[in-house]
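Numbering (my numbering), first residue to last: 41 to 281.
Note that beta-carbon positions come from the ideal geometry of N, C-alpha and C, so glycine has one too.
Written out below as structure tokens is the structure these notes cover.
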């Protein structure tokens, strides 16, 4: 059988086209498989990362509860015994102050009745001991029928504790303003002060690492920025749905 030159050229072009098409299909399939593997690896890494965060937070809370129980059951009990045995009024008064301080520390470590306490009450309770040292304004706007899971409530409270503690330690502020807003969709927390701002050396401190850890566990966004005209502004946004 004789083939014309045009037939041979056409056949060659057709064969090349088929081979090229096959190569493109195989390449796309290979790339798709690589992407799927990378996505699977990323998903596994995220699950592992999230589990590490959860375990770290659970360990922290377990230790807080243990220490709080030791303070409440052991230390306060011994202080009360000494208070009962004392006949010196000055010593008795000092022991009363120590008992109050120990109880406050115990409650800060593990807030009592947190299941039945709303977020606004938790913030107000934590602020009460420092109200004599700062001008504090607390404004809350929360939908009354909003149910916030205990773990979320506790995580937001822990973040709030760290922010206020940083202000006490480093800001040298006179005024602290807190805005809390929550509904069925999100929790927003804003804390501003008129201090000297967050020192550079504390931006990688343990307190800020704890904030980052808690925020990551909530899948929440947060940031610190300079306030106007001075001080620091902290913002936290946690989506509930």
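Per DSSP, reduced to three states, the secondary structure at residue 228 is strand. DSSP, reduced to helix, strand and coil, places residue 233 within a strand of the structure shown.
For residue 132, the enclosing alpha helix (DSSP H) has its first and last residue at 129-149. Of the other Cβ atoms in all chains shown, fewer than 16 fall within 10 Å of the Cβ of residue 136; this residue is therefore exposed.
Here the C-alpha atom of residue 163 lies approximately 11 Å from the C-alpha atom of residue 194. By the beta-carbon neighbour count (other beta carbons within 10 angstroms, threshold 16), residue 117 is exposed.
When the beta-carbon positions are compared, residue 203 and residue 219 stay at least 8 Å from each other. Residue 247 holds the alpha-carbon nearest to the alpha-carbon of residue 206 among 247, 187 and 228. Going by DSSP, residue 248 is part of the alpha helix (DSSP H) stretching over 246-258. With fewer than three CB-CB distances shorter than 8 Å, the segment 177-192 does not count as touching the segment 130-149. Classified as buried, residue 227 has 16 or more neighbouring CB atoms from the shown chains inside 10 Å of its CB.
If you look at residue 165, you'll find it isn't in any beta strand (DSSP E); it sits in the alpha helix (DSSP H) that goes 159-167. Residue range 175-182 is occupied by the beta strand (DSSP E) that includes residue 175.
The beta carbon of residue 181 lies closer than 6 Å to those of 221 in the same chain, with the five residues before and after it left out.
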